[in-house]
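Below is one structure, written out as structure tokens; the observations come after it.
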């Protein structure tokens, strides 16, 4: 099996690479690339993302044909794709970080700033928080409800269709932290930084 | 709910872990990669490396140690010490650090925080503030491991770095560091009340009650300690169980 971690200059993806290498242990062929042909020939794609929504979208669009290739992979051919953090957020139609920015539009919804309730909740939302599992999900297989995952973000993905939500976490409100629609997966938290339980999620994605 | 974080810190010099009293008289104790692994397996919520001599001895941070640690520890790794420019941050992140902690370079020029957070995202930019009490309710920022005074008010500086895009503040009391007499809770309270970003308490932990004080009395989102964990006085797990028994929510 070939898994490609998309490297589109979206910031630091070392931890994603290290964690996938740890789980793959040589059994899965892991590539880190932005090359369109490599992506096309992959079985699965990981789309990381750090920094701002706008930066990530801009970086992705800078690589000629990348957005279309990812769309063909995930939406038309329905092959498994996992978005992490801003990688998930980019599934939305629109994001409001810095300025209004068009997203990939794969799952209808928006990305807006977490309501900090006049400073009652510090932002970024940094640290370990419990996930509340909302529906059965392939990547959350054998993950106990209320497991702790590592978060670091100030913006949240709000999908229109609530049935895509596979887990939420409580911070100011119920924040969407895991989505699943057919072959499309995304986590707001960082499985690559969430200790053994995070590696289990990566393993689940590899086994799909 | 979001859990309070326990962060063991490893002060590193020449590739070895050390811990001093008030930043001088260093003792030697251990290999940082092995230590980090032990902490990670013991339930540390994050791991912090501070290259404590980098600023004064003009040495770059410990890239290879970070690289080795990042391949074995799957919790967030913060690295600080001697970061002067964007290239230093890039090098550390490429080696596998998740966040960097910047001190002297920000005091020199606060626009460095803006530049760094714009390039890498606020989530990976921690500003380390070393503060010393100068009078009642007044603290001053120090640099170079507590050697140089700056004349800058610590509370104003904290607000300033937040406005410039810092994701977190790592607040060390220079009066308490290495003394085991507890965090400077007054300082913590002032800073956590006037900023809206998470504050990591540092400097002075000698007992598990001090961790409790940092979170409950000082309002810190995370507590950092070095020697109580490093010399095996307490295990991370013990610290967490203790806090949990006192109704402080932690990841168990």
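Protein chains in written order, with our numbering: chain A, 1 to 208; chain B, 209 to 460.
Beta carbons are placed, not taken as given, at the ideal position from N, Cα and C, and that holds for glycine.
Unbroken beta strand (DSSP E) runs of length 3 or more, entirely within the region 307-356 of chain B: which are they? Entirely contained in the region 307-356 of chain B, the beta strand (DSSP E) runs reaching 3 residues are, in chain order, 307-310, 333-343, 346-351.
Tell me whether residue 363 of chain B is buried or exposed, calling it buried when 16 or more other Cβ atoms sit within 10 Å of its Cβ. Residue 363 of chain B is buried by the Cβ-count criterion.
C-beta contact flag for residue 374 of chain B and residue 405 of chain B at 9 Å: Yes, they are a contact pair.
Where the beta strand (DSSP E) containing residue 190 of chain A begins and where it ends: DSSP places residue 190 of chain A outside any beta strand (DSSP E), giving it a letter other than H or E.
Do residue 432 of chain B and residue 281 of chain B have their CB atoms nearer than 9 Å? At the C-beta level, residue 432 of chain B and residue 281 of chain B stay beyond 9 Å of one another.
Pick helix, strand or coil for residue 433 of chain B, following the three-state DSSP scheme. The answer is strand: DSSP assigns residue 433 of chain B an E or B state.
Given 8 Å as the limit, is there contact between the region 380-400 of chain B and the region 425-441 of chain B, that is, 3 or more CB pairs closer than that? Contact between the region 380-400 of chain B and the region 425-441 of chain B is present, because at least three Cβ pairs lie under 8 Å.
Residues near residue 80 of chain A in its chain [Cβ-Cβ closer than 6 Å; skip 5 each side]: Taking C-beta separations shorter than 6 Å and ignoring five residues to either side along the sequence, the partners of residue 80 of chain A in its chain run 44, 183, 208, following chain order.
Could you name the residues of the same chain whose beta carbon sits closer than 6 Å to that of residue 243 of chain B, not counting the 5 residues immediately before and after it, in chain order? Cβ-Cβ distances below 6 Å link residue 243 of chain B to 218, 225 in the same chain, with the five nearest sequence neighbours on each side left out; the list follows chain order.
With C-beta atoms as the reference, is residue 331 of chain B less than 9 Å away from residue 179 of chain A? Here residue 331 of chain B is not near residue 179 of chain A, since their CB atoms are 9 Å or more apart.
From the beta carbon of residue 271 of chain B, is the nearest beta carbon of chain A less than 9 Å away? Not an interface residue.
Just list the residues that DSSP pairs residue 109 of chain A with in beta bridges. Beta-bridge pairing links residue 109 of chain A to A/159.
Mind reading off the beta-carbon distance from residue 253 of chain B to residue 220 of chain B? Whole number of angstroms is fine, and I expect it under 8 Å. With a Cβ gap of about 20 Å, residue 253 of chain B and residue 220 of chain B do not count as contacting.
So what does residue 403 of chain B bridge to, in DSSP terms? BP columns for residue 403 of chain B are empty, so no partner.
Tell me where the beta strand (DSSP E) around residue 75 of chain A begins and ends. Counting along the chain, residue 75 of chain A falls outside any beta strand (DSSP E), and DSSP gives it neither H nor E.
Residue 211 of chain A versus residue 340 of chain B - alpha carbon distance: Coverage of chain A is limited to positions 1 through 208, which leaves residue 211 of chain A absent and any answer about it impossible.
Need the endpoints of the alpha helix (DSSP H) that residue 240 of chain B sits in, please. Boundaries of the alpha helix (DSSP H) harbouring residue 240 of chain B: 240-249, taken from the DSSP string.
Distance, residue 320 of chain B Cα to residue 149 of chain A Cα: Cα to Cα, residue 149 of chain A sits roughly 31 Å from residue 320 of chain B.
Outcome for residue 1 of chain A when other beta-carbon atoms lying within 10 angstroms are tallied against a minimum of 16: That one is exposed.
Kindly give me the distance between the Cβ atoms of residue 89 of chain A and residue 172 of chain A, rounded to whole angstroms, as I take these residues to be in contact under 8 Å. With a Cβ gap of about 17 Å, residue 89 of chain A and residue 172 of chain A do not count as contacting.
Please classify residue 359 of chain B as buried or exposed, where buried requires at least 16 neighbouring CB atoms within 10 angstroms. Exposed: under 16 other Cβ atoms inside 10 Å.
Under the three-state DSSP convention, the category residue 376 of chain B falls into: Assignment of residue 376 of chain B by DSSP, reduced to helix, strand and coil, places it in the strand class.
On a CA-only basis, which of B/296, B/356, B/422 is nearest residue 398 of chain B? Give me that one, please. Measuring C-alpha to C-alpha distances from residue 398 of chain B to each of B/296, B/356, B/422 identifies B/422 as the nearest.
Applying the 10 Å Cβ sphere with the 16-neighbour rule, what's the burial state of residue 188 of chain A? So residue 188 of chain A counts as buried.
Proximal residues, the region 430-445 of chain B versus chain A, C-beta separation under 8 Å: Taking 8 Å as the Cβ-Cβ cut-off against chain A, the residues of the region 430-445 of chain B that qualify are 430.
Can you tell me whether residue 343 of chain B is buried or exposed, with buried defined as 16 or more other CB within 10 angstroms of its CB? Burial call: exposed.
Strand pairing of residue 127 of chain A, partner residues [DSSP]: Per DSSP, A/151.
Go through the region 9-55 of chain A residue by residue and report every complete run of the alpha helix (DSSP H) that reaches 4 residues or more, in order. Within the region 9-55 of chain A, the complete alpha helix (DSSP H) runs of at least 4 residues are 14-24, 36-40.
Decide if residue 84 of chain A is buried, meaning its Cβ has at least 16 other Cβ atoms within 10 Å, or exposed. Buried, since its Cβ has 16 or more Cβ neighbours within 10 Å.
Report the neighbours of residue 278 of chain B on chain A: residues whose CB is nearer than 9 Å to its CB, in chain order. Result: 14, 15, 18.
Sub-9 Å separation of residue 143 of chain A and residue 200 of chain A beta-carbons: Closer than 9 Å, so yes.
Contact list for residue 152 of chain A against chain B, beta-carbon separation under 7 Å: By Cβ distance, chain B contributes 331.
Pick helix, strand or coil for residue 257 of chain B, following the three-state DSSP scheme. The answer is strand: DSSP assigns residue 257 of chain B an E or B state.
Would residue 101 of chain A be called buried (16 or more neighbouring beta carbons within 10 Å of its own) or exposed? Residue 101 of chain A is buried by the Cβ-count criterion.
Could you tell me whether the region 290-297 of chain B touches the region 11-31 of chain A, using the rule of 3 or more Cβ pairs below 8 Å? The region 290-297 of chain B is not in contact with the region 11-31 of chain A.
So, at 6 Å on beta carbons, what are the nonlocal neighbours of residue 141 of chain A in its own chain, with the 5 sequence-adjacent residues on each side left out? Here the set comprises 204.
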